[in-house]
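Notes to accompany the following structure.
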Amino acid sequence: MWPRPAPDSLSEREREVLTLVGRGLNNTEIGDALGLSPLTAKTHVSRIMGKLGARDRAQLVIVAYESGMVTPGGV
Numbered sequence: 209m210w211p212r213p214a215p216d217s218l219s220e221r222e223r224e225v226l227t228l229v230g231r232g233l234n235n236t237e238i239g240d241a242l243g244l245s246p247l248t249a250k251t252h253v254s255r256i257m258g259k260l261g262a263r264d265r266a267q268l269v270i271v272a273y274e275s276g277m278v279t280p281g282g283v
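Residue 209 is where the sequence shown starts when you use this note's numbering, and the numbers rise one by one after that.
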């Protein structure tokens, strides 16, 4: 698997966004949930991907689950 820095290297806001990505939300839904524009949500997702060395959102979902930020059936 790709080398991944731990999610604790992320800011609090980035961890919030990563949790929502892990739950399957798109940028518009993340923005609505956090009071951000979809473009700002997209920027957060892009920065998280860069910090964690992820190539796509699917890898972010893996990180969210493996780190315990999201659990199966969790709300």
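Using N, Cα and C, we set each Cβ at its ideal position, and we do this for glycine too.
Every unbroken stretch of the alpha helix (DSSP H) spanning 4 or more residues and falling wholly within the region 234 to 262 is given here in chain order: 235 to 242, 246 to 260. Between I256 and L228, the gap from beta carbon to beta carbon reaches 8 Å or more. For L244, the closest of R231, R265, E222 by C-alpha to C-alpha distance is E222. In the three-state reduction of the DSSP assignment, G232 falls in the coil class, being assigned neither a helical nor a strand state.
With fewer than 16 other CB atoms across the displayed protein chains lying within 10 angstroms of its CB, L247 is exposed.
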